[in-house]
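Engineer: For the sequence shown, UniProt numbering begins at 1 and goes up steadily by one.
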Amino acid sequence: MRRRPFPGLILLGATALQLLIPPARAADLPSVKAAPVSAPAFTWTGLYLGMDFGYTWSASPSITALSANLVDRSLLGWGPASALSASGFTGANLDGFLAGGGLGYNWQFHDRFVAGIEADLEGAGVRGGGGLRNIVPNPNIFGLSAAAVTGAKLNRNLEYLSTVRGRLGFAPTPNLLVYATGGLAFGGVSESASFGQNLRPSFFAAGEAKGSAFENRAGWSLGAGLEYALTPALSAKIEYLYYDLGSKTLTNAEISPLAAQSVLGLLPIFLANATNVSTRYDGNIVRAGLNYRLDWSVPAEKTPAGATPLLASPDLARLEAPQLGDWRISLAPYLWALGVNGSMTARGETAGSNLSFIDFLTKTSAFPLNFAGRVEASNGPFGVYGDLVWMQVRASGSTLQLRSPFADVLVAASADGHIKQTMAIGEAGVSYELARWKFLGAASSVTSLDAYAGLRYWRVDLDLQLDAAGAETSRLLGLNQLGARVDARSGALQWVDPVIGLRARHEFAPDQRFEARGDIGGFGAGSAFSWEFYGGYAKDFEFNGLKLTASAGYRALSIDYSRTGSDARQDGIKAILHGPVLSLGLRF
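(1) Is there contact between the region 80-92 and the region 42-57, where contact requires at least three CB pairs shorter than 8 Å?
(2) Short check: CB of G518 to CB of E532, under 8 Å?
(3) If we count the other Cβ atoms within 10 Å of its Cβ and call it buried at 16 or more, is Y160 buried or exposed?
(4) Assuming H506 contacts T447 (C-beta within less than 8 Å), just tell me the rounded distance between them.
(5) Locate the beta strand (DSSP E) running through A552, then write down its first and last residues.
(6) Mapping DSSP to helix, strand and coil, what is E84?
(7) So who's on the other strand from N138, going by DSSP bridges?
(8) Which one of D387, A59, D282, W78 has the shortest CA to CA distance from V189?
(9) For the beta strand (DSSP E) that contains H578, what are its first and last residues?
(10) To the nearest angstrom, how far is it from the Cα of R513 to the Cα of F97?
(11) Hey, how far is the Cα of Y561 from the Cα of G342?
(12) Straight-line CA distance for P201 to N138?
(13) What residue range is occupied by the uninterrupted beta strand (DSSP E) comprising N155?
(14) For the beta strand (DSSP E) containing P333, name the first residue and the last one.
(15) In or out: W327 buried (at least 16 other Cβ within 10 Å) or exposed?
(16) Please identify the residue among D497, A83, T163, K153 whose C-alpha is closest to the C-alpha of I117.
(17) Could you pull the start and end residues of the beta strand (DSSP E) that Y92 belongs to?
(18) Alpha carbon to alpha carbon, how far is Y457 from I135? Give it in angstroms, no decimals.
(19) Start and end of the beta strand (DSSP E) containing W531?
(20) Three-state secondary structure (DSSP) at G196?
(21) Would you tell me roughly how many angstroms separate the C-alpha atoms of L49 and D571, rounded to the nearest one?
(22) Count the C-beta pairs between the region 230-239 and the region 273-293 that are closer than 8 Å, then say yes if the count reaches three, no if not.
(23) Nearest to F371 by alpha carbon, out of P510, G151, A224, L582?
(24) Nearest CA to the CA of L132: which residue from A224, G100, S58, S194?
(25) Run the CB neighbour count on I63, radius 10 Å, all protein chains shown included, and call it buried at 16 or more, exposed below.
(26) Can we say the region 106-123 touches the region 144-153, given the rule of at least three CB pairs closer than 8 Å?
(27) Indicate whether W57 and N93 have their beta-carbon atoms separated by less than 8 Å.
(28) Quick one, are the C-beta atoms of G187 and Y179 less than 8 Å apart?
(29) Who are the near neighbours of A83 in its chain, counting only those whose CB is closer than 7 Å to its CB and skipping five residues on each side?
(30) For G585 versus A332, is the C-beta spacing smaller than 8 Å?
(31) DSSP has P381 in a bridge; who is on the other side?
(32) With 16 as the cutoff for other CB atoms within 10 Å, does T564 come out buried or exposed?
(33) Near A148, which residues of its chain fall below 6 Å by C-beta distance, leaving aside the five closest residues on each side in sequence?
(34) Would the beta-carbon of E433 fall within 8 Å of that of D450?
(35) How is D295 classed by DSSP in three states: helix, strand or coil?
(36) Looking at the C-beta of G325, does it have a partner C-beta in chain D at a distance below 8 Å?
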């Protein structure tokens, strides 16, 4: 039979246990509150600015020209040979280097997964093209080696490329991100063609036929990349992108008029062809870059799952505005490596002006760069500023069209324009600091927001010569008409636009900062509408006792102005001036 323990032994054991274990105090009791999760050593969440450099090459490497004869007054059947010799294709690889910058936001919604959105702008100026030469015999003429001989130059340019993309990434280690990306693509593309033809055995070639056009196009992009965090704020990336902006066709109502001496030297030969020049703008990009995360946008908290808030509240403190005291002045001449995309009109005649920075180097008649400078002065929250740009450029271009307003009726028209343009832009205004913040997690991080208003003066002197030619034909009506005229126009435009804008500056070190400013203006008081944007990086330093500031950025300025003269004809300009900006200035 099992015996129960003696009750006295149980009581004795309990008493001994109480003697061995000291009594617990309230302060020694464990806390029921969960231990706080420490902030991660690195998180991908935050707003970032970036810069990159890369190389692009074409996926569709050719340009195709197809011609059809409209008018044939040769009496010897030159039309088919003339059109066939003006048809063909040539290689036109859009290969070259590009550079730019971007803005984005990442959200690390899990310890291993990151989602984000990014927008970027690349200054390209990438161009490609080639020539073709065709000899097509005329079967209607025997024994004289009669043939249509055509030489053509076909070119295309990618002036700029911009994308707005989503990103989805996986972090195999805390500091390494592997991601896929895709979204919209935008680009400025231009296309040009020139044809020269001779009807052998004549020694007299026709005048050169030209056509060119610029267009802003939208498409899509897709790619992937790797990004590695070098520090909590700085990361390096390498990325591949494919872009597709679609196809563009230049309708060239040339070669017209074509005049070549006949074999017997009796009568000139007149021909008119319509030519379509088409190409596709798609390609591949490999680029490397750096991204800098703005410290005030990085959250300090992290969930147990390793995620960070989508839009974490930055740990900011509002600072007082600077107090009035001594004036601070900066004087900075700068180089604006600009391109121009748009059109100009003089007395009702319009010609395109689509020039990259390379075109400015090769096509200007005077000094190939612009003269520009900016001055700023501030005292406390108040400031004044002034900016001046002067440039001159000579350019030529053509607009060529083929229309069929009714069945069987074809109308071909071409306009070859030569432009000499001088432009001066002066600006002056005042600014006021609206707010200033300090990021508590970094002693040297300060962000400020200014508002500014001023006046922007424009003067554009334009000389335009237009050579126009046209042809119309109808087989049913028996209609064949050719015509040509030459116009020379000149004029000066000047106006003043009111402008209002905002400027944000983020100082992440005592001598380094990012700046972004943008404004809108015109409002019908001067131009119909204008806008400007500048974004860049600045570094303060001293050299031989001089206080200097070096900066690099990108500037875009858009204008839409027109007026009607006393003769009821239009004068105006509608264009975007854009390009990288480099500056080295003095501080006082």
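We put the CB at the ideal spot given by N, CA and C, even for glycine.
Structural biologist: The answer reads as follows:
(1) no
(2) yes
(3) buried
(4) 5 Å
(5) From DSSP, the beta strand (DSSP E) with A552 extends over 546-564.
(6) It is worth fixing the name first, because residue 84 is Leu in this sequence and not Glu. DSSP places L84 in helix when its eight states are reduced to three.
(7) In the DSSP output, where bridge partners are listed per residue, N138 has none listed.
(8) D282
(9) 570-587
(10) 27 Å
(11) Whole-angstrom Cα-Cα distance: 12 Å.
(12) 11 Å
(13) That run of the beta strand (DSSP E) goes 147-173.
(14) 328-336
(15) exposed
(16) T163
(17) Reading off the sequence shown, one finds Ala at residue 92, where the question assumed Tyr. Run containing A92: none; DSSP gives neither H nor E here.
(18) 54 Å
(19) 529-543
(20) It is a strand residue.
(21) The alpha-carbon separation between L49 and D571 amounts to approximately 41 Å.
(22) Three or more Cβ pairs closer than 8 Å define a contact, and the region 230-239 meets that threshold against the region 273-293.
(23) Measuring from the Cα of F371, the nearest candidate turns out to be L582.
(24) The residue with the shortest Cα to Cα distance from L132 is S194.
(25) Counting Cβ neighbours within 10 Å, I63 comes out buried, since at least 16 surround it.
(26) no
(27) Between W57 and N93, the gap from beta carbon to beta carbon is short of 8 Å.
(28) Going by C-beta atoms, G187 is not nearer than 8 Å to Y179.
(29) In chain order, S67, A68, N69, N273 place their CB closer than 7 Å to the CB of A83, counting only its own chain and leaving out the 5 sequence neighbours on each side.
(30) yes
(31) Note: P381 sits in no beta bridge, so no partner.
(32) By the 10 Å Cβ count, T564 comes out exposed.
(33) A81, S82, S85, V136, L199
(34) Contact: yes.
(35) Look at D295 here: in three-state DSSP terms it is helix.
(36) No chain D is present in this structure, which holds just one protein chain.
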